[in-house]
Amino acid sequence: MDQLTPTGSPDLVDARRGLVARAAFTSDEIFRQEMAQIFDRVWGFVAHESEIPNPGDYVVRRLGSAEVIVVRDATGARVLLNSCKHRGAKLCRADSGTARNFVCPYHGWSYERDGTLITTTFDRHLPADLARSELNLVVAPRVEIFCGLIFACWNRDVAPLDDYLNDFGWYLKAFLARTPGGMEVLAPPHRWRTKSNWKVGALNFIGDSQHILTTHTGPLTLDPVRAAQKGFTKPGERSFQLVTDNGHGATITYLAEGMPEEAYRTHPAALRPLYEALLAPAQLGVLDRLRVAVGTIFPNLSFIEAQCGPAEKAIILRIWQPISGTEMEVLSWVLAEREADADYKSRVLRNGFRNFGAAGVFEQDDLELWAAATQASDNPIAAAYPYSFHTALPYMDKPDPYHDLPGRAYRPSDTEVAQLAFMMHWQQMMTRDASHD
Ligand code: FES
Ligand SMILES: [Fe+2]
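Going by my numbering, the sequence shown opens with residue 88, and the numbers climb by one from there.
Here it is as structure tokens:
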């Protein structure tokens, strides 16, 4: 570890010793490698289905290193490179909207919603033998939807999304597909930029119970939150870290012993019969006892389902979009079951943005610390000293043998097992040969 170089060294993560090079969290060179080795090769979340309910509805997002238009056409969701096939102009300037078709603002080429070229307006000058399909927009070759989450991938040969999510999908179904209508996004996402590496967010959400009581002393003294604290359990009692294949993980915390599940469960009673019809008893069991679930789907999609008080909850989806080695853009959505009543949805929305929006009480604490950590690590002196993940080490090889749900569970939940497992998967992706896809 002492000879770490900031350029794709296979030693960036020393799992045996619980060390990760700071360069992984600051280097632009490593950021570029991440784009090529990870983001352009694995499934990436681009939008929730409810953001584009009708034909022509679109949102502009990033897929890997490129900006894309996620649009609903006659057949479903399409993901188009937001760059004209003529000279590359950006077709869509808005964040979202509804379009009959896409017209380039530069020389006027126009495209159907599925990316097919309609006309260059100078078609009469095109060579007679030109295959016009060559001029269609670039389309992401793979798009799949899981529980309303639209994923896409630039890698044509990527394994099916179901296989990629695998055991983690079992939990996602319980969180995001537990009623016939599924979830809906309650408002456009909050978006903000922060001078921090994207993995800081991904790791924080996959399993960083250790920061709660120091980072969030402010909000934890607020009354509504303190009331909800009663529902917290002690680490190790009714709480575990979940680790699944492909780098996904979560921290799941149940209500403390003695808490009235009826009063504190995170969902309104009217929705429960709908859950019963769709979920397996074990999935329902997770939801009924849930205090908070917070997790990350590798590489950069995170979620929270949190109790904010009796029968008050927030459900958040979040992406950590890399901008450089030291900057990311965060997008944060609030969701609720489509079948929930309007009053309930408005409370979920308020809880969601109040706690986890751009000005949310938790975000304010986290973001300042994350940016400062990135800045303090981004110099040659600090770079020589790797980050410590030591509290994972005594537990890494000891998953709970009695865990009877999908994935591996680790207890207690206030270690760094899930974070180190994430970094080990990251390291694997960074060093593996593309021909293995
Ligand atoms: S760049 Fe789009 S029409 Fe020329
Ligand atoms: Fe936090």
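Built from N, CA and C at the ideal position, the CB exists for glycine as well.
C-beta atoms of residue i and residue j nearer than 8 Å
i	j	result
ALA123	ILE117	no
THR340	ARG280	no
GLY336	THR383	yes
GLN288	TRP130	Looking at the sequence provided, one finds Gly at residue 288 rather than Gln. Contact flag unset, no.
ALA445	HIS277	yes
ASN169	VAL147	yes
CYS171	TYR193	yes
First and last residue of the uninterrupted beta strand (DSSP E) at residue i
i	result
LEU236	236-240
TRP407	399-411
ALA496	495-497
LEU422	414-424
GLY528	Past the boundaries of the shown model lies residue 528; the chain is included only from 88 to 524, so the question cannot be answered.
THR338	336-341
ARG159	153-160
HIS512	From DSSP, HIS512 is part of no beta strand (DSSP E) but of the alpha helix (DSSP H) over 504-518.
Same chain, Cβ closer than 8 Å to residue i, neighbours up to 5 away in sequence not counted
i	result
TYR462	The amino acid occupying residue 462 in the given sequence is Gln; Tyr does not appear at that position. The residues are LYS282, THR413.
LEU436	LEU273, ALA274, VAL421, ALA423
THR206	TRP196, SER197
GLU363	LEU371
VAL245	ARG128, VAL129, TRP130, ARG229, TYR251, ASP524
Distance cut-off 7 Å: residue i Cβ against heavy atoms of ligand 2
i	result
PHE189	no
PHE449	yes
THR340	no
THR185	no
HIS303	yes
HIS277	no
HIS298	yes
ASN242	no
ASN438	no
ASN284	no
ASN442	no
Beta-carbon contacts of residue i that lie in its chain and below 6 Å, excluding the five residues immediately before and after
i	result
MET510	VAL100, VAL107
ARG165	VAL158, ASP201
ASP452	THR302, HIS303
ILE391	VAL381, ILE403
Contact test: residue i Cβ vs ligand 1 heavy atom, cutoff 7 Å
i	result
ARG229	no
TRP196	yes
CYS171	yes
ARG174	yes
Nearest-angstrom beta carbon gap, residue j and residue i [assumed within contact, 8 Å]
i	j	result
ARG265	LEU366	6 Å
GLN297	ALA505	Actually they do not touch by this definition, with Cβ atoms about 12 Å apart.
LEU492	ALA393	Rounded, the Cβ-Cβ distance is 20 Å, inconsistent with contact.
THR338	GLY294	5 Å
PHE233	LEU248	5 Å
Neighbourhood of residue i by C-beta distance below 7 Å, restricted to the same chain and skipping five residues each side
i	result
LEU507	ALA102, GLY105, PHE476, ALA479, MET483
Boundaries (first-last residue) of the alpha helix (DSSP H) holding residue i
i	result
HIS298	Careful: HIS298 lies outside any alpha helix (DSSP H) and carries neither H nor E.
VAL226	Careful: VAL226 lies outside any alpha helix (DSSP H) and carries neither H nor E.
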